[in-house]
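Line by line, the protein sequences are chains A and B. Per this note's numbering, the very first residue in the first sequence carries number 1; after that it's consecutive. Per this note's numbering, the very first residue in the second sequence carries number 544; after that it's consecutive. Here is the structure we will look at.
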Amino acid sequence: MNFLLSLLILLPTAGALAILFLPRDKTGAIKALATGVAGLTFVLSLPLWFARGFRESAGFLFREDLDWIPSLGVRYSLGVDGIAALLILLTTLLSVISIYSSYTAVKTREKEYYVFLLLLETGMIGVFCALDFFLFYVFWEVMLVPMYFLIGVWGGPRKLYAAIKFFLYTLFGSVIMLLAIIALYFFNTTGFLWWKGLGNAPSFDILHFHQIAPLIPADLSLWLFWAFFLGFAIKVPMFPFHTWLPDAHVEAPTAGSVILAGVLLKMGTYGFLRFSLPICPSAASNSRVQTAVVVLSIIGIIYGSLVAMVQKDMKKLVAYSSVAHLGFVMLGLFAFNNAGMQGGVIQSINHGLSTGGLFLLVGIIYERRHTRQIADFGGISQVMPIYATLFMIILLASIGLPLLNGFVGEFTILVGAFLANWIWALFASFGVVLGAAYMLWLYQRVFFGELKHEENKGLEDVNLREVLTIVPLILACLWIGVYPKPFFEMTAPASAKIVAAVENARAAARPVPAAVAAAAPAAIAPAGAVPAEVAPAADVKGH
Amino acid sequence: MALPFPLSDLLVILPELVLTELALGILLWATVVKRENERVLAWASLASLAITAALIPVAVSFAGTLPRSAFGGMFALDGFGIFFKVLTLVAAAVTILFSLRFVGTSSYPGGEYYALLLFSTVGMLFMASGTHLVSLYIALELMALSQYVLAGYFKRETKSIEAAAKYFVLGAFSSGILLYGLSLVYGATGTLSLAGVSSSLAGSPRSGLLMVGVVLTACGMLFKIASAPFHVWAPDVYEGAPTPVSAFFAVGPKVAAYAIFARIFFAGFGPRADDWAPILAASAALTMVIGNVGALMQKNVKRLLGYSSIGHAGYALLGLLAYKAGGAAGQPESFGLWAVMIYLSAYLLMTFGAFGLIVLLEAKGYASESVDDFNGLWKRNPLAAGAMVVFLLSLAGIPPTAGFVGKYFLFSAALKAGWPLLALLGVLMSAVSLFYYFRIVRAMYFVEGEGEVQWREEPAVAIAVGLCLVGTLAIGVMPQPLVALAKACLLP
Chain A
1 MNFLLSLLIL
11 LPTAGALAIL
21 FLPRDKTGAI
31 KALATGVAGL
41 TFVLSLPLWF
51 ARGFRESAGF
61 LFREDLDWIP
71 SLGVRYSLGV
81 DGIAALLILL
91 TTLLSVISIY
101 SSYTAVKTRE
111 KEYYVFLLLL
121 ETGMIGVFCA
131 LDFFLFYVFW
141 EVMLVPMYFL
151 IGVWGGPRKL
161 YAAIKFFLYT
171 LFGSVIMLLA
181 IIALYFFNTT
191 GFLWWKGLGN
201 APSFDILHFH
211 QIAPLIPADL
221 SLWLFWAFFL
231 GFAIKVPMFP
241 FHTWLPDAHV
251 EAPTAGSVIL
261 AGVLLKMGTY
271 GFLRFSLPIC
281 PSAASNSRVQ
291 TAVVVLSIIG
301 IIYGSLVAMV
311 QKDMKKLVAY
321 SSVAHLGFVM
331 LGLFAFNNAG
341 MQGGVIQSIN
351 HGLSTGGLFL
361 LVGIIYERRH
371 TRQIADFGGI
381 SQVMPIYATL
391 FMIILLASIG
401 LPLLNGFVGE
411 FTILVGAFLA
421 NWIWALFASF
431 GVVLGAAYML
441 WLYQRVFFGE
451 LKHEENKGLE
461 DVNLREVLTI
471 VPLILACLWI
481 GVYPKPFFEM
491 TAPASAKIVA
501 AVENARAAAR
511 PVPAAVAAAA
521 PAAIAPAGAV
531 PAEVAPAADV
541 KGH
Chain B
544 MALPFPLSDL
554 LVILPELVLT
564 ELALGILLWA
574 TVVKRENERV
584 LAWASLASLA
594 ITAALIPVAV
604 SFAGTLPRSA
614 FGGMFALDGF
624 GIFFKVLTLV
634 AAAVTILFSL
644 RFVGTSSYPG
654 GEYYALLLFS
664 TVGMLFMASG
674 THLVSLYIAL
684 ELMALSQYVL
694 AGYFKRETKS
704 IEAAAKYFVL
714 GAFSSGILLY
724 GLSLVYGATG
734 TLSLAGVSSS
744 LAGSPRSGLL
754 MVGVVLTACG
764 MLFKIASAPF
774 HVWAPDVYEG
784 APTPVSAFFA
794 VGPKVAAYAI
804 FARIFFAGFG
814 PRADDWAPIL
824 AASAALTMVI
834 GNVGALMQKN
844 VKRLLGYSSI
854 GHAGYALLGL
864 LAYKAGGAAG
874 QPESFGLWAV
884 MIYLSAYLLM
894 TFGAFGLIVL
904 LEAKGYASES
914 VDDFNGLWKR
924 NPLAAGAMVV
934 FLLSLAGIPP
944 TAGFVGKYFL
954 FSAALKAGWP
964 LLALLGVLMS
974 AVSLFYYFRI
984 VRAMYFVEGE
994 GEVQWREEPA
1004 VAIAVGLCLV
1014 GTLAIGVMPQ
1024 PLVALAKACL
1034 LP
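Right, here's the structure in full:
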């Protein structure tokens, strides 16, 4: 199946076009078609999980490569490694769930709604597949448009503000990234400003850029790193750039929040590990840069948790918890060791599952009560026992209870952070405690106590469709929590390769005494030679 | 009697000659056509444009090898000229499609309107091929004079008169500056042909006289493309003129002006590029900021597009000043010019698309189009709303649209030519531009309510807009054919 990735990209768009031709009032058919297309996309993405190659090497599989704009050297080049494959699986899963969860939540302009959700899926899958920087940028931007409409049309009271803020914020980051892409292109060819080019043929091939990374001079590497940083850190979002996120999450419809938290934020972390680290390893491994990013991540963890604690709106609380969780992910990535890197990747997936689940659950109760204020609830577990149970499981997964996925991710990240600098781990672990505090306090205020509000007495418990949207997420959380080995195995070679790239750059920057230099190659083995590093996974199982 | 040029030179300007004759014919024919049958004149004008386009390959075959110089170096038929001739012919044709109904229902006769449009097109065709400062200037004036009349054609509308007066006074003033600049260049170099100017500049040191001439020429040209600080007329004229005419002004004259701008400054002043590039750089920076920031405040869609077209003129200037940026292996030396040509093609499609939708939406007569008129358009006409979104995305430079491809080339050229801060300003301003473009999207999709404006069924305009839509998306998804074509048509 050489065209599997193209199929995954095009199928949702084809579905969206088909829906455009359905009459507006046939909402049943529109929903069924949208769910069917998204479901089929999910099923077709399953071969990515079963591909053995990801577990054996860091190479890219499912490659496709066609000429697109020969004059510029732009190619339609697709391929995935273990990390991208997992993120695509997460995308297809969350897409079908969010479409299925919208049946009753969205009652106006259904046709456009499902069209935009499917277009969004195309953009997201494309971002994770693209191996050509130009193509990547196209998908990266294209995806903003459907999300803008999802927030702006079907959003909450401040939707107009939130929609344009989301779009503009992300766009500012990405146009600066575009300049970095152009700079990289010219460095690879004829050079620009005072940087001499390498004289290669024009190309946007990401793998080629990975190869020439060691040749990029330190000053250019720093410029590129910070330009990429702006693009990706806004998307993640990292601490000072996070202000678009609470607005967008709170105003977006439930499915929009699920996709935003579950997938869109992951594009930021994916950008770091696909572009920033392998293309600018010398800048990233610069200890001042590393410290700056780590400090921002830790501020994100603690600040996000503290702000989450004082929120009165459930959705806003979950939104701020995302800032904290993504801080953990970034901390893991920038620990520059296998444990941190793998923990960061797994935690990206975990966050998509648990926070996506939390947004779904908040959406379920919002649909019944049309409020998300914590003060409007209390004692809900008496009238909605099944709902309370589902909420508890997802919430514990988010907190990081052992045997659930959050624990695996956070623990591995903390191991990585500890190995890099124990002070980082110390500060980050405050975040774990705070996370438990605001989540459990939320649960206590909403579900326990007496049923004060008259309106809440008649609340119906979740129906079968709603249970079906949550259960796959719970199963995935349990799976990663109990037996994370296959997930770690899948991402190990790719993560090890990224870590090795950064380590090599760090070693190259350090002046090496002659005697040590002879022994060095053994210590810093190239990526291919590292036997699949599943050490952190083994650690986790031991605890 | 001996002619000062070989007769075969006439065959090289065959398209221009024939279009002039046809335009005169339409002017005469208009005197006998009844008021209610005037539509036939529009079709005849369209046919004239088609004939002209068809004659371009004929002229090429008569010319033998390109580039073919004619009339003692006054005129050259080359790839660059042909590229711009095609763009201007398309611009004129689309304008006629936009004008059909508007002119038909107005109380003004249509014959002169179409004839003026064609005369202006003849001017633009000559501009695309002029290689001599005098022939360029005469072509520019032929185009501009026809346009002054077009702007004030609807002479009982106050706004139209105001627009025409502003356009004429400022246009004449700028022409004067341009002419003075050209005369100083002549004084410094002793020649008026671009090739002569170029070789004279290459061999001589910098002189004050010459620099004043170059600066004044640049000022005149910056006025014609509506760049800061000579941009003030544009929003007023676009707002005041009837929408089809505004659309024409926003595209046709600008495209042609870029052609002579590029020709004068590359083929003529090229050896002194280091001296004039900073002037263009300052103007580009100012233009991008003024155009985009100015548009933020606008409530009238035509003024908004007017300011945005100032911003676009600024982006395109990046390409002009990056003229010397050598491309990567296998890419042309004049990367900047390449970028300008690609960008102008995209600009033509997306600007006409957006203006066409305004034509379809017009309330009463013309010039009362506020952003609010677009409220809830998705409900009244989903197709039009969707098309508008594509055009606005393209104007803002979001892929996969033609606008993104064009901007990509321009910003690359600026970075390559050593203007990283201008490239940065450009990308930031194009992010800013999204804010005001998407005010229209917001009105169309997020705001409920019927605007007062009714949707009009106008097949001719709808077809033109549809073609612009297809072009905008096709160039966005498959830019290669246009990119390769522009590369083949670069100035030598």
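All C-beta atoms, glycine included, are put in the ideal place defined by N, C-alpha and C. Note that the coordinates shown come from a computational prediction; the quantities given were computed from them, not determined experimentally.
- Identification of chain B residues near A/F186 by a Cβ-Cβ cut-off of 9 angstroms yields A871, S955, L958 and K959, ordered along the chain.
- Of the residues B/L839, B/K1030 and B/A731, the one whose Cα lies closest to the Cα of B/V914 is B/L839.
- Any Cβ of chain B closer than 9 angstroms to the Cβ of A/T269 would place that residue at the interface, and such an atom is absent.
- Of all residues in the stretch 935-949 of chain B, those with a C-beta nearer than 9 angstroms to a C-beta of chain A are L936, A939, G940, I941, P942, P943, F947 and V948, reading in chain order.
- At a cut-off of 9 angstroms between beta-carbon atoms, B/L971 makes contact with chain A.
- By the C-beta criterion, the stretch 611-619 of chain B is judged to be in contact with the stretch 673-687 of chain B, since at least 3 inter-stretch pairs fall below 8 angstroms.
- Taking C-alpha positions only, B/C1011 is separated from A/S321 by approximately 46 angstroms.
- Within the stretch 1000-1033 of chain B, those residues whose Cβ lies closer than 7 angstroms to any Cβ of chain A are, in chain order, P1022, Q1023, V1026, A1027 and K1030.
- In the DSSP assignment, B/D818 falls outside any beta strand (DSSP E) and within the unbroken alpha helix (DSSP H) covering A816 to L839.
- At least one C-beta of chain A is nearer than 9 angstroms to the C-beta of B/V932.
- Residues of chain A whose Cβ lies closer than 7 angstroms to the Cβ of B/L977 are, in chain order, F167, L168 and L171.
- A distance below 9 angstroms separates the beta carbons of A/S495 and A/Q342.
- Here the stretch 565-583 of chain B makes contact with the stretch 652-660 of chain B; the two share three or more CB pairs at distances below 8 angstroms.
- Contacts with chain B (Cβ-Cβ distance below 8 angstroms) from the stretch 140-154 of chain A involve E141, V142, L144, V145, Y148, F149, G152 and V153, listed in chain order.
- By the criterion of a C-beta distance shorter than 7 angstroms, B/A731 is surrounded in its chain by S750, L752, L753 and G756, once the five residues flanking it on both sides are discounted.
- Here B/T563 has V665 as same chain residues with Cβ atoms under 6 angstroms from its own Cβ, once five neighbours each way along the sequence are excluded.
- B/L737 is positioned such that its CB atom lies no closer than 9 angstroms to that of B/A1003.
- Taking 9 angstroms as the cut-off, the Cβ atoms of A/Y161 and A/E251 count as close.
- Annotation for A/I365: the continuous alpha helix (DSSP H) segment containing it runs N338 to R369.
- Look at A/V80 here: in three-state DSSP terms it is strand.
- One thing to note: B/A810 has its Cβ within 9 angstroms of the Cβ of B/L1034.
- DSSP places A/F128 in the uninterrupted alpha helix (DSSP H) bounded by E110 to C129.
- Counting only residues of its own chain and dropping the five nearest sequence neighbours on each side, A/L273 has a CB closer than 7 angstroms to the CB of I83, L333 and I498.
- Under DSSP, B/A613 takes part in a beta bridge, and its partners are B/F618.
- For the stretch 894-925 of chain B, no residue has a beta-carbon sitting nearer than 7 angstroms to a beta-carbon of chain A.
- The C-beta distance from A/A34 to A/L90 rounds to 19 angstroms, too long to meet the 8 angstroms contact threshold.
- The beta carbon of B/P547 sits closer than 8 angstroms to the beta carbons of G615 from its chain, once the five residues preceding and following it are set aside; these are given in chain order.
- Spanning the alpha carbons of A/G191 and A/G262 requires a straight line of approximately 39 angstroms.
- Residues of the stretch 213-230 of chain A with a C-beta less than 8 angstroms from any C-beta of chain B: none at all.
- Against B/F989, the close residues of chain A are G152, V153, K159, L160 and A163, in the order they occur along the chain (beta-carbon pairs closer than 8 angstroms).
- Within 8 angstroms of the CB of B/F981, the CB atoms of chain A belong to Y148, I164 and F167, in sequence order along the chain.
- Taking C-beta separations shorter than 7 angstroms and ignoring five residues to either side along the sequence, the partners of B/L920 in its chain run A927, A928 and M987, following chain order.
- Between B/M1021 and B/G834, the C-beta spacing is not below 9 angstroms.
- Think of a sphere of 7 angstroms around the beta carbon of B/P963: the chain A residues whose beta carbon falls inside it are L193, in chain order.
- Taking a cut-off of 8 angstroms on C-beta distances, the stretch 290-300 of chain A touches the stretch 235-247 of chain A, as three or more cross pairs fall below it.
- At a C-beta separation below 7 angstroms, A/P12 has no neighbours in chain B, since its nearest C-beta there lies roughly 16 angstroms away.
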